[in-house]
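*Asks:*
In mature numbering (1 follows the signal peptide of the UniProt record, and there is no 0), the protein residues as written are -26 to -1, 1 to 991.
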């Protein structure tokens, strides 16, 4: 009844003292008071006061009337004030059906009426009349019925209501309470129900506490609510339960979505072969700390017995307290199953259905199927043998279906009826077979009707549970009004399977309303499609009650998983609104080191899971690089609640790419017999310098040969090796277009060349050519030039600035002023940073004196060069390379009227009132009324990436940004609306998220610009 408790915490705690009254029944001298301490606790929580303001124990021995019991519950569940606010007409209407309404005390009428209207109180019937029995002593069964109904459960038989209340998850109510109740008994039941789980999934005390911090602290101290865990998350143990299942135990309660995410775990058979997990592989146990992982991608999928497996638990797996491991946890476990599988239980689940439960997961030898060979099983009643027409596997359970109805009495089932010599015998995943043996149970047809309960009720979905497995087709659920098309769920079919739960979905246009609501389960008109259990007992149409809790909380990210260099998967705690998830502007993805934007595509939903979104990177992420992903708070859940805060996460990629080597990256010094081999990344040094890993063919027509003792091999860097071949003469030493074979050596992460076990052939390795590799504009007046090799000597005159392909010669052109630095990068290549004599545009173009905008390039001297590599090779002549834009964009600057200096070009124009009429703010002292609108244009120095922007990227002081649009050129326009009257017409714009230019260069957030009027331009 969360909707009724949207009262403030103060209201919840005020005026809980029951109205003073004379006890209707005299004290029972024989009554025992056992719950005085619980009465005191309830009083301290503000949930009980009793008959004495100072001492809650006074009067506990007195009998409790029906009307007072309803007041007890109104106080406990927080709807007393709502009931008290009912009008006289509403009270009269609520009590109209009761023939003894006049007997209800005035102080209780409102609560009794409220209880009747909301389905808590039905009343007893006699001769077609309804009675409250207001002043009768309430029985334990009736009080428990009131409680269960208030908690959202349907009570099929009030006689077993105490037992049902006691069995409710978390309940501490004794199942032995019977007969008439004293106030003491009721206090004990009220206290015992505080930790019980309601049909909505939350506990009674959790709903009572709500956002009241003081009340929550008291409940935590009493142990009614678990106090938040602050300790770091740790893995307590990892072990193989059998060859099919593993168990991971954590030191605290885990976030369910994160703990059950298959990407949180990597399982490697024998420490090498990674096993494939499914969405159903990982299950969090009832203790919320233990995860069972089942290798269920295929029936035959398992770990090798008598081996060691490797389990890696992702560093981002999350506990309830938001703690993560912080670092991947890698554990080696023993896989050793020496126990024989046994039959634990055999029982009937229907007239023709038998369930066999084993001590561990089993399968049929060599068969990768859940449909088993019927001949492995025999079913008998005395001398009569049933025909087994179906056998279906589900891990440690095999379900049999026989051809005729079971005969009441002893039924005997034999597993591996054909003996143990068959290759397809039933066995465990270590290869141990189930002994052939008879297992007898007594079959009695179950004629009871499956009890339906509401397991979960949300605005867009309702989940019903059944006490016995059922099947149906064409099944419907209605809310509010039976058979009303507008209030109907989707039509459900179990597809001929017997199930324990059925979920119904409701359209977003007609969700289930909040509060106590009636649900109507309606069968098909076709008899064969009706809801039925395995015994042929039909489940009739019925009315259920549920408490629907309105979701007012925005979604949060439960877990993040990085799939090597390919994607980032984000799992939320609830289903999301698709249009907000698929908008790329609601995310930022960048490299931390240089702020460069990572381009990605959005996959949603992932595997039909509407809680999961995946950011796929088409070009792959770099190895060993830190990245940042931001999910903006514009993301909404299915009902429209936005995230409360941005979600920011960083991660570092590992070495996920196999090393490579290409002939064009290698070179030779012909006369000296030297071959330089350049790998794509640092390699295992011992393998890289092992002569046995190389063969050479020095020239066309020569034979392949191993490296001899006279040949030399040396390390130039951690990814460049030199083969220096020996020859008795210069001719013997010479290499011309040589071929080289390289064994599949490994990098530092033990990845083989090209990820293969085959040798790599490099053909016709050419002589060295010293060229430009890249040129980047890193600041408005600085260019970084990278060569394709390491230079021994660099000569400044070798390099010139080129514009549009030509060397600059005009007076207005840009030139190199100096060299700032010369370094060798991680690839072993020389980098030169040049300082220009003037700034160029941030998009790596230059605007000359004639206002012509041309691309900037670098050129080498066309006649001669003096720069040379460490091998003595000269830089190539007349080379040209375009300069790439690696500079952050800026806001364009102009000189406004009356200004001496240039300022950012951010202007406001097109003012309109709330009726869309043009207005001039100068008529109102440069102020705008509430809901007036205007346009603000922001002009950048270069083309921008529109996808990196959204209305969330900026804020305008005093205004709400309605949308952002791209105008001509480099201009973007914000449509804004005034929040209040007298809003200044010209305020400021602040950039709150990074935005990028068309090349992915990031303009960092944090800048604020003054808005100028367009008339000032």
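Glycine included, C-beta positions come from ideal geometry on N, C-alpha and C.
Could you tell me which whole alpha helix (DSSP H) segments of length 4 or greater appear in the stretch 81 to 145?
*Replies:* With a minimum length of 4 residues, the continuous alpha helix (DSSP H) runs that stay inside the stretch 81 to 145 are 114 to 124, 135 to 141.
*Asks:* Considering Cα atoms alone, identify which of 385, 372, 373, 339 is closest to residue 358.
*Replies:* The shortest Cα separation from residue 358 among 385, 372, 373, 339 belongs to 385.
*Asks:* Would you mind giving the Cβ-Cβ distance between residue 967 and residue 927, rounded to the nearest angstrom? I have them listed as a contact below 8 angstroms.
*Replies:* Their Cβ separation, rounded to whole angstroms, is 5 angstroms, which keeps residue 967 and residue 927 in contact under 8 angstroms.
*Asks:* How is residue 672 classed by DSSP in three states: helix, strand or coil?
*Replies:* Three-state result, residue 672: coil.
*Asks:* Please state whether the Cβ-Cβ distance between residue 163 and residue 50 is less than 8 angstroms.
*Replies:* The answer is no: Cβ separation not under 8 angstroms.
*Asks:* Taking Cβ to Cβ, would you say residue 999 is nearer than 8 angstroms to residue 519?
*Replies:* Coverage of the chain is limited to positions -26 through 991, which leaves residue 999 absent and any answer about it impossible.
*Asks:* Cβ atoms of residue 225 and residue 210: under 8 angstroms apart, would you say?
*Replies:* In contact: residue 210 and residue 225 (Cβ atoms closer than 8 angstroms).
*Asks:* Taking the straight line between their C-alpha atoms, what separation do you get for residue 980 and residue 485?
*Replies:* Cα to Cα, the separation comes out at about 42 angstroms.
*Asks:* Give me the Cβ distance between residue 908 and residue 950, rounded to the nearest whole Å; I'm assuming they're in contact under 8 angstroms.
*Replies:* Confirmed, about 6 angstroms.
*Asks:* Taking buried to mean at least 16 other C-beta atoms within 10 Å of its own C-beta, is residue 361 buried or exposed?
*Replies:* By the neighbour-count rule (16 or more Cβ atoms within 10 Å), residue 361 is not buried but exposed.
*Asks:* Terminal residues of the continuous beta strand (DSSP E) containing residue 241?
*Replies:* Taken as a continuous stretch (DSSP letters only), the beta strand (DSSP E) holding residue 241 covers 239 to 243.
*Asks:* Let's test the definition: count the other Cβ atoms within 10 Å of the Cβ of residue 561 and tell me whether it reaches 16, buried, or not, exposed.
*Replies:* It counts as buried.
*Asks:* Tell me residue 807's beta-bridge partners as DSSP assigns them.
*Replies:* DSSP, once it has assigned bridges, lists 758, 795 as partnering residue 807.
*Asks:* Smallest Cα separation from residue 955: which of 903, 45, 798?
*Replies:* Out of 903, 45, 798, 903 has the C-alpha closest to the C-alpha of residue 955.
*Asks:* Are the beta-carbon atoms belonging to residue 288 and residue 237 less than 8 angstroms from one another?
*Replies:* Taking 8 angstroms as the Cβ cut-off, residue 288 and residue 237 qualify as a contacting pair.
*Asks:* Label residue 896 either buried or exposed according to how many other C-beta atoms from any shown protein chain fall within 10 Å of its C-beta, with 16 as the threshold for buried.
*Replies:* By the neighbour-count rule (16 or more Cβ atoms within 10 Å), residue 896 is not buried but exposed.
*Asks:* Quick check on residue 555: buried or exposed, where buried means 16 or more other Cβ atoms within 10 Å of its Cβ?
*Replies:* Buried, by the Cβ-count rule.
*Asks:* Return the chain-ordered list of same chain residues with a C-beta closer than 8 angstroms to the C-beta of residue 248, the five sequence neighbours on each side being excluded.
*Replies:* Excluding positions up to five away in sequence, the list reads 240, 241, 242.
*Asks:* Report all residues from its chain with a CB closer than 7 angstroms to the CB of residue 770; omit the five preceding and five following residues, and keep chain order.
*Replies:* Around residue 770: 793.
*Asks:* State yes or no: is the C-beta of residue 251 within less than 8 angstroms of the C-beta of residue 234?
*Replies:* Their beta carbons are not under 8 angstroms apart, which means residue 251 does not touch residue 234 by this criterion.
*Asks:* Between which two residues does the beta strand (DSSP E) harbouring residue 920 extend?
*Replies:* First-last for residue 920: undefined, no H or E at that position.
*Asks:* What three-state label does DSSP hand residue 657 in the structure shown?
*Replies:* Looking at residue 657 - three-state DSSP - the assignment turns out to be strand.
*Asks:* Suppose you measure from the CA of residue 596 to the CA of residue 305; what does that come to, to the nearest Å?
*Replies:* Their Cα atoms are separated by approximately 27 angstroms.
*Asks:* What are the boundary residues of the beta strand (DSSP E) that residue 12 is part of?
*Replies:* Here residue 12 belongs to no beta strand (DSSP E); instead the alpha helix (DSSP H) covers 10 to 18.
*Asks:* Spell out the partners DSSP gives residue 438 in its beta bridges.
*Replies:* 428, 476.
*Asks:* In three-state DSSP terms, what is residue 322?
*Replies:* Strand, per DSSP.
*Asks:* How about residue 832 and residue 842: do their beta carbons lie closer than 8 angstroms?
*Replies:* Cβ distance not < 8 angstroms, so residue 832 and residue 842 don't count as in contact.
*Asks:* Run the CB neighbour count on residue 1001, radius 10 Å, all protein chains shown included, and call it buried at 16 or more, exposed below.
*Replies:* What is shown of the chain runs -26 to 991, which leaves residue 1001 out entirely.
*Asks:* Give a yes or no on contact between the stretch 663 to 680 and the stretch 709 to 720, applying the rule of three or more CB pairs nearer than 8 angstroms.
*Replies:* Touching, yes.
*Asks:* Would you say the stretch 314 to 333 touches the stretch 395 to 412, given that touching needs at least three Cβ pairs under 8 angstroms?
*Replies:* The stretch 314 to 333 vs the stretch 395 to 412: in contact.
*Asks:* Measure the C-alpha to C-alpha separation of residue 12 and residue 174 and round it to an integer number of angstroms.
*Replies:* Taking the straight line from one Cα to the other gives about 26 angstroms.
*Asks:* So the candidates are 643, 531, 547; which of them puts its Cα closest to the Cα of residue 604?
*Replies:* Nearest of 643, 531, 547 to residue 604, Cα basis: 531.
*Asks:* Pull up the distance between the alpha-carbon of residue 37 and that of residue 72, whole angstroms please.
*Replies:* Computed Cα separation, rounded: 23 angstroms.
*Asks:* Is DSSP giving residue 485 helix, strand or coil here?
*Replies:* DSSP places residue 485 in coil when its eight states are reduced to three.
*Asks:* From residue 664 to residue 975, what distance separates their C-alpha atoms?
*Replies:* For residue 664 and residue 975, the distance between alpha carbons rounds to 43 angstroms.
*Asks:* Is it true that the CB of residue 736 sits closer than 8 angstroms to the CB of residue 760?
*Replies:* Going by C-beta atoms, residue 760 is not nearer than 8 angstroms to residue 736.
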